Amino acid sequence: MAYLLGIDIGTTHSKAGLYHTDGTTAKVSKQKTITHYNREGHVYYNPKGLWDTICAAITEVTEEASEEIAVIGITSMAEAGLLIDRKTGTPKTEIIPWFDSRSKKEARFIEKESDPFERFQATGLHNSFKYGLAKLLWLRNQDVDVTREAVWLSVADFIAYKLTGKFGTDYTLAARTFAFDINKKTWDVPWIRNFGFNEDLFPDVKRSGAKLGEVQSNDLMSIGLRKGIPVAVSGHDHVCASLAAGVVKPGKVFDSMGTAETLVGILRSQCLSENEFQSGLSYGCHVLKDRMFWMGGNPNSGGSIEWIRSQLGSEPISYTEILDLLTKVKEGPTGILYFPYLSGSGAPLLNASVKGAFIGLQTSHKREDLLKAVLEGTAFEMECIRKAAERATGVHIDEKAVVGGGTHNSQWLQIKSDVSGCRLIVSEETEATLIGAALTAAIECGIYKEEESISVFPFIKRKEFVPTDSHHESYQRLYKDGYIKLQNAIRSYKIEEQ
């Protein structure tokens with residue numbers, strides 16, 4: 040029996056997972072993704088440090104492997120990237136994470152260069168500082184020669200390059216540069232040249248999971264990889280994870296609860312219209328053929344919980360304390376509105392400058408009320424996305440397949456169900472992204488047919504949450520009469536950017 044190897048480079052952790060082709064897990068390794076800050080306060084990852092982290096993860100999962108590895112699939116956070124020297128293969132820059140906002144000024148410049156709707160039709164995206172094009176403009180503004188003889192790679196592309204010696208990416212990650220045409224599935228050359236860049240600044244693009252190359256060197260035997268193993272860039276982490284969750288047809292929705300929280304749905308390939316544009320959601324090529332995805336997210340979902348737990352004690356309160364505190368709060372809405380915009384907001388109302396807020400505080404409120412209000416606010420924000428998706432697709436959403444670290448908080452899950460009125464099916468599998476990376480590569484490389492992959496790695500229910508009708512009615516009133524009505528006021532409050 041052969042193995043599949045999945046690699047997932049995430050915001051807080053990077054992982055490797057070794058899976059038997061019958062769907063059973065051999066071993067998973069979880070390593071910390073080390074975050075650094077430079078003198079200007081910008082966040083970055085060190086390329087060598089990240090490669091060492093991935094090597095450590097691969098070594099751990101392969102050290103007792105008894106069979107050959109059939110394929111390696113790599114997924115990653117979508118917009119993080121770096122420049123590599125084409126001739127020497129050495130990094131020319133640090134890795135800029137998706138959430139680092141240093142390129143806000145460049146994003147505003149990009150906004151003036153094209154009609155937003157036309158750009159949306161080409162890319163499936165609404166302009167943001169997160170995307171690769173804004174990051175490249177920022178890098179060039181620091182060093183005019185930095186892009187010379189260079190190639191821009193996402194972090195998944197970078198790890199694939201380290202394994203194969205070949206530069207390449209997939210459709211889902213290429214699109215997050217804001218320089219890729221999702222209709223033609225090619226780099227948008229006139230748009231790229233508009234900014235004074237050459238199209239060779241970007242790598243070759245293949246279908247998600249297609250073989251990019253093979254493990255190039257016997258030197259990698261030291262981490263358990265023989266020369267010649269096929270390597271693929273599987274693509275955007277949330278899209279890969281949605282595949283593992285069985286979200287392969289319209290009407291099914293995937294909810295990934297992590298530092299950021301994302302909803303992902305599927306639709307048939309189509310030209311994007313004003314309807315999709317007005318939804319505020321992002322769209323792109325799916326990892327499966329002839330399909331697209333829609334996506335919306337809250338970049339401060341689990342991040343809001345990490346923030347509030349650090350505010351409620353001299354040291355961050357433990358997750359056990361969080362659950363204990365939540366048992367002290369009355370059932371139903373707290374009446375406090377929390378707007379989770381600690382670093383701006385995502386789709387459907389994308390705004391990098393909006394600030395977070397609590398509204399409705401009284402002297403009677405205690406720290407457990409604030410804690411629950413944070414959970415409610417993140418649920419309200421995800422409800423905005425669900426309703427936007429329903430309007431855009433015309434498909435009612437009443438069930439979500441849920442994965443991620445947030446699923447360990449049953450109180451949060453019940454609040455999410457009560458707010459949305461949706462049934463939440465929590466997966467028994469904790470590493471959907473890793474499985475999705477391996478599956479995407481295995482499908483494209485001919486190990487499975489698409490329908491076989493879903494049966495080999497089925498979505499197994501761990502727990503189910505259903506809405507309490509009375510609480511759902513109360514939450515919906517608060518959502519409509521409070522949260523939605525106050526959003527414009529919150530968004531109109533501005534602090535001048537420094």
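Just so you know, we're using the numbering used here here: the sequence shown kicks off at 40 and counts up by one. Every residue gets a Cβ at the ideal spot worked out from N, C-alpha and C, and that includes glycine. Being a predicted model, the structure only gives us computed values, none of them experimental.
Item, Value
"Pick from T211, W177, D139 that is closest to H75, judged by C-alpha positions", "D139"
"Neighbourhood of T98 by C-beta, 7 Å cutoff - its chain only, sequence neighbours within 5 removed", "I262, G263"
"Boundaries of the alpha helix (DSSP H) in which N85 is found, first to last residue", "Run containing N85: none; DSSP gives neither H nor E here."
"Simplified DSSP assignment, three categories, for Y200", "helix"
"Sub-8 Å separation of R119 and V194 beta-carbons", "In the sequence under discussion, the amino acid at residue 119 is Ala, which differs from the Arg named in the question. The answer is yes: Cβ separation under 8 Å."
"Cutoff 6 Å; reference G335; Cβ partners in own chain excluding five residues on either side", "L302, L320, A386, P387, I424"
"Identity of the residues DSSP links to G485 by a beta bridge", "Per DSSP, none; premise fails for G485."
"As assigned by DSSP and simplified to three states, the class of R232", "helix"
"Segment contact, 8 Å Cβ cut-off, at least three pairs: the stretch 327-347 with the stretch 409-418", "yes"
"DSSP beta-bridge partners of M331", "L306, C324"
"V442, DSSP secondary structure in three states", "strand"
"As assigned by DSSP and simplified to three states, the class of W226", "strand"
"Per-residue DSSP class, three states only, for W137", "coil"
"Element boundaries [beta strand (DSSP E), containing E122]", "Strictly speaking, residue 122 in this sequence is Leu, with Glu absent from that position. Residues 120-124."
"Alpha helix (DSSP H) segments (min. 4 residues) lying fully within the stretch 441-522", "449-459, 471-483, 489-495, 508-517"
"Which residues DSSP lists as bridging K245, in chain order", "D209"
"Straight-line gap, K328 to L282 (C-alpha atoms, nearest Å)", "12 Å"
"Length of the line joining the Cα atoms of L240 and Y322", "24 Å"
"Under 8 Å between C-beta atoms of S247 and T479", "yes"
"Rounded straight-line distance, which links the Cα of M331 to that of F314", "Residue 314 is actually Asn in this sequence, not Phe. Distance between the alpha carbons of N314 and M331 is about 15 Å."
"Residue span of the beta strand (DSSP E) that contains V368, given as start and end", "Where V368 is concerned, there is no enclosing beta strand (DSSP E), given that its DSSP letter is neither H nor E."
"Residues near W137 by beta carbon distance below 6 Å, same chain, minus five either side", "M116, E118, A119, K169"
"Three-state class that DSSP yields for T417 in the structure shown", "helix"
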